[in-house]
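What follows is a single structure, written as structure tokens, with notes after it.
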Amino acid sequence: MQHEPSREPEELESHLLGLIESAREQAREDPFRNPVLAVTLAITRRFDRNEISAGDLDILFARLRAAALAARAERLRSYVGLEAAPADPQSAIPACLVAAAKDGPDGVSAFAAFIHRTAFAVVFTAHPTFGMPKAVATLLAQAASLADVAARAELIARAAAHSTRPDAPITLAVEFEQACAAANNGRLALDAFNGALLDAARARWPDSWTELTPRPFAIASWVGCDTDGRTDIGWWDTLRYRLISKRMQFDRVMRDLPESPACREVRALAEGALAAVNRQLAVAPRLGDKPSLESVHRFALALIIERERAQTDAGALVAGLTAALEAADESDRRAIAILCSGVATHGLSNALPHFRLNASQIHNAVRRVIDLEGEPTDSAQRRSHLATIHSLLNDVRPVAVDFGALAAERASAARLMMTIAQILKHVDGTHPVRFLIAETETGYTLLAALWLARHYGIADKLEITPLFETASALEQGIRVLDDALRNPHWRQYLKRIGRLTVQFGYSDSGRYVGQLAATFWIERLRLRITEMLVQNGLADVELAIFDTHGESIGRGAHPTSLRDRLAYLAPEDARDRARKAGLKVRLESSFQGTDGYLLYGTEALAQASVARIAEHVYALDIAEEDSFSDYALNDDAARTDSKDDPIYSEPDFALEFFTAARQDMEALVDDAGYAALLGTFGPSLIDRTGSRPVARQTDTGGPARITHPTQMRAIPNNAILHQLGFLANSLHGIGRAAQRGPDLFRDMRRDSVRFSRAFRLVQHAAAVGDLDVLRAYIDTLDPAVWLERARRTRKDFRREELVVIAGALERLDLAASLRGLFGRLTRDWLALTTAAPDLPGMSAPLTLLHALRLALIHRIWFLAVHIPGFRPQAGISREQLLERFLRLDIDGCLTLLDEIFPVTPDPTLGLNFGEPAGPRDVGTYEAEHANLFQPIRRLFDQVREISGMIQHEVGAFG
421 MQHEPSREPE ELESHLLGLI ESAREQARED PFRNPVLAVT LAITRRFDRN EISAGDLDIL
481 FARLRAAALA ARAERLRSYV GLEAAPADPQ SAIPACLVAA AKDGPDGVSA FAAFIHRTAF
541 AVVFTAHPTF GMPKAVATLL AQAASLADVA ARAELIARAA AHSTRPDAPI TLAVEFEQAC
601 AAANNGRLAL DAFNGALLDA ARARWPDSWT ELTPRPFAIA SWVGCDTDGR TDIGWWDTLR
661 YRLISKRMQF DRVMRDLPES PACREVRALA EGALAAVNRQ LAVAPRLGDK PSLESVHRFA
721 LALIIERERA QTDAGALVAG LTAALEAADE SDRRAIAILC SGVATHGLSN ALPHFRLNAS
781 QIHNAVRRVI DLEGEPTDSA QRRSHLATIH SLLNDVRPVA VDFGALAAER ASAARLMMTI
841 AQILKHVDGT HPVRFLIAET ETGYTLLAAL WLARHYGIAD KLEITPLFET ASALEQGIRV
901 LDDALRNPHW RQYLKRIGRL TVQFGYSDSG RYVGQLAATF WIERLRLRIT EMLVQNGLAD
961 VELAIFDTHG ESIGRGAHPT SLRDRLAYLA PEDARDRARK AGLKVRLESS FQGTDGYLLY
1021 GTEALAQASV ARIAEHVYAL DIAEEDSFSD YALNDDAART DSKDDPIYSE PDFALEFFTA
1081 ARQDMEALVD DAGYAALLGT FGPSLIDRTG SRPVARQTDT GGPARITHPT QMRAIPNNAI
1141 LHQLGFLANS LHGIGRAAQR GPDLFRDMRR DSVRFSRAFR LVQHAAAVGD LDVLRAYIDT
1201 LDPAVWLERA RRTRKDFRRE ELVVIAGALE RLDLAASLRG LFGRLTRDWL ALTTAAPDLP
1261 GMSAPLTLLH ALRLALIHRI WFLAVHIPGF RPQAGISREQ LLERFLRLDI DGCLTLLDEI
1321 FPVTPDPTLG LNFGEPAGPR DVGTYEAEHA NLFQPIRRLF DQVREISGMI QHEVGAFG
């Protein structure tokens, strides 16, 4: 067989990119030609002629990885504004805040009241978005931190030598370790910010600056404390994680405390506490193990015996640091003051804890003491349920909690409440802890949680927080809160704890109603909560808003900059209304998995991120006018003042636009073709990226067939859209919505800061999406396409392969629904491009990655056709196995084939069993493994490798 010699990677890349450009040019003249499938076919033919080998691809991948990582490092650097630091420190936020403080004798005390209130919290979560190896993430963050291009290129080259695929396995311990690394950099950045504040304060108030203990920002985490939908995190695991966090805080104190006689007493306190915590950890059950009762008993006794020495409240430590600050030399005071601020903010923890579980778990725990008919979410019985829980609250009395009762408890919500009680009692009770409740859709849930908190004696230390994320929750959220506020027990609770905390979710809302529509409904609920607090005479209660979004646009992360991301989540208008109403608002934002931790991947990145947060939080506190005129959109700063944003003066346009977008997205979600698109081989394109379970299984061992998007979680749903080349949850429905008022739509894009910022998500989705790419995947699942190819091929062996694949695809019966889906998406896309003809398109390198991967998938299918016949094994026939190959269940198929076609001889051969030998299979199948199974494995590894590169091109996983 004649073939060209293998090319150098530069030449091969140039050749393949040339194929992309040529195919696109031909498609402009031939509208029936799909340029992506055309390039896929061209690559397949080069595979057949051995012009491109597997080794050639591996070398090419290193080159493509380097390009993708270099671009991502540059984007990360720009995203956090690493170059944006003012040359003059007096122009930075800390100095500006001090300069803006009032003059007069009470200037310091007034400023202290202002800066002692935490205005923003960074929350590190363990959503399963650990989509790249830790080594790559580390090098990527280091590269992004460097201004020198040559030094950056060296780090990128090292990162590109690694696979893009995530580490395996990703355990909860791995997630916790990475979260702690990000939190440590975050704490260093907060120390730097607080240090700058104190420097400016010392210059202005040289005799009284030590009265300040700044705590404007906080670091929090729910890694190890999130039990929503998880049964693999034991209460002993959570306690151990909190002890590790406590140890890290004391380690920080010992490291940063000056070697000064003034610090002798507080050092002894911290040293003794650290030793006690280490003794407690020494007998803590190992992470992930199911401990024996004896080991639980030993751990419990260590917590109790060492309790006083380990400290359970930061009060003594803060008092010791304050005394040291007063007695220390001037040269040591700054370090002590910074340390005191960190302890006052975070108590005895490296990061404040967030606990989370599901509303149904709350309901189940209360069912043991309350006789409810029907579900709490049943609107027909809403009043009776609220009356019943009110009666229960009237009579609640706290019960004692000990580790024996905790070990015996079976109800997950009760067990978590008891775990929190023990943490507050034996680990750290300095601050109230956050208690997040997913899928809150009724006020009964909040009151039931309050009953549990009172029952276990922790109501004064628990911030009960509803999560509003689903479409119904966003619509009914105000009624949920109103039902709770009508209850005197809830009102009393809020006044006592001093804060109403709500959590907004962007993942499920984004995938079910569309990301742009979701942000509108969330903002509307936000405004109504502000009004509700004022109307109920609760303006003195702080409102804490926790925006739990992902790191991709489909899950609420703005692609342009961290500034725009923060303003997209907390729009200027909503913040201004709360300010005018006299409400104090605390903002919180999630940073999820590897992608989110990158923003805190080095001390430099963390400091830049904190600086952008400070600009966002304090922009209106520095002067009467917004000092950050470019805050809205970086490239067009002065066009509109947010106070006059026309999106708010045209409420009918906003309501109709986002309602139309939502309706179309909801219809898409219910389209059978959409489930087929997501579920056929989409889940197999992505590696496991977290510790929590990701997929259901069928009784026969293969992946379950997905018939509706609700059967998969939001993160894989979003990641699959990335991998299939069309981000429907950020694009679909916008075309029809724009079509309803095209002139006003264009005006809003031009004049509205809020609308323009939101539309940037659409622009980014268009830049990483292409209907030609999506059509190529859909056509790959269409038997007619394979039969047409069989009709035209001149190779007999290939014709047979194509016909067999077409037959298997016919049995899957996906083509009709997928064609209907493509028509639906195309109609809306045409409307969108008519309204916004300036939308960008997918780059040639990203298109090439899709074409390469399709060629690899086709090659896997061609090899699978040649698997020899076999008797049904475990209920699986050869035809069913081939269908699983079409769905890319490669790991499951190869495991089964290893059993059917063993490569090692039967170990019973040659042994005398005392009677005549019966028939047995005496052969081995080295040829099948060498020629079929091993090549399929390598091809599939390359498929997944490309998925990792696509992740970098898109900018996030899931």
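Be aware that the sequence shown starts at 421, since it is given in this note's numbering, and climbs by one per residue. The beta carbon of each residue, even a glycine, is placed where N, CA and C say it ideally should be.
In the DSSP annotation of this structure, H1372 is not part of any beta strand (DSSP E); the continuous alpha helix (DSSP H) holding it starts and ends at Q1354 to V1374. When the five nearest sequence neighbours on each side are left out, the beta carbons in the same chain lying within less than 7 Å of the beta carbon of T850 are those of D733, A734, G767 and L768, in order along the chain.
The DSSP-derived three-state label of G974 is helix.
Residue pairing by DSSP places S1009 opposite V542 and D967 in a beta bridge. DSSP assignment within the segment 714 to 771 yields the following whole alpha helix (DSSP H) runs of 4 residues or more, N-terminal first: 727 to 730, 735 to 747 and 750 to 766. Note on geometry: alpha-carbon atoms of V821 and H909 lie some 23 Å from one another. A direct Cα-Cα distance of roughly 12 Å separates G918 from L1003. I513 is positioned such that its CB atom lies closer than 9 Å to that of F613.
Leaving aside the five residues that flank W656 on each side, the residues in its chain whose CB is nearer than 8 Å to its CB run, in chain order, A704, P705, P711, V716 and F719. The C-beta of I576 has 16 or more other C-beta atoms within 10 Å across all chains shown, which makes the residue buried. About 3 Å separates the beta carbons of G1093 and L1241, which is inside the 8 Å limit, making them a contact pair.
Beta-bridge partners of R776 (DSSP): D646 and L856. In this structure P1103 is buried. Its beta-carbon is surrounded by 16 or more other beta-carbon atoms within 10 angstroms. Closest in C-alpha terms to D815, from the list R874, V673, D928 and L958, comes R874. The closest CA to that of E1220, considering only R1174, T1100, V1285 and L1259, is found on V1285. By alpha-carbon distance to A474, the top candidate from H1372, I1356, R1177 and P1071 is I1356. With a cutoff of 9 Å on beta-carbon distance, A868 and V786 are scored as near each other. Only residues of its own chain outside the window of five on either side were considered, and among them I513 and F613 have a CB closer than 7 Å to the CB of A1034, listed in chain order. Separation of A825 and A841 (C-alpha to C-alpha, rounded to the nearest whole angstrom) is 12 Å. In the structure shown, the three-state DSSP call for F637 is strand. A620 is not a Cβ neighbour of L745, given a cutoff of 9 Å.
DSSP, read as helix, strand or coil, puts R919 in strand. In the three-state DSSP reduction, E883 falls in the strand class (E or B).
A distance below 9 Å separates the beta carbons of S1009 and V543.
Here I1296 carries a strand assignment [DSSP, helix/strand/coil].
For G1102, the secondary structure class from DSSP, reduced to helix, strand or coil, is helix. Burial check for M674: the Cβ neighbour count within 10 Å stays below 16, so the residue is exposed. The beta carbon of T1344 sits closer than 7 Å to those of P1322, V1323, T1324 and P1325, all from its chain and outside the five residues before and after it, given in chain order.
Contact between the segment 1189 to 1200 and the segment 435 to 454 is established, with three or more Cβ pairs separated by less than 8 Å.
The segment 493 to 512 and the segment 1269 to 1284 do not touch, with fewer than 3 CB-CB distances between them shorter than 8 Å. Beyond the five residues adjoining it in sequence on each side, L477 comes within less than 7 Å, by CB distance, of Q1362 in the same chain, given in chain order. In the DSSP assignment, E433 falls within the alpha helix (DSSP H) that extends over P429 to E449. About 21 Å separates the CB atoms of W941 and V954; that is not less than 8 Å, and the two are not in contact. DSSP places E1035 within a helical segment (H, G or I) once states are collapsed to three. With the rule of 3 Cβ pairs closer than 8 Å, the segment 517 to 535 does not count as touching the segment 990 to 1002. Where Q842 is concerned, the enclosing alpha helix (DSSP H) starts and stops at S832 to H846.
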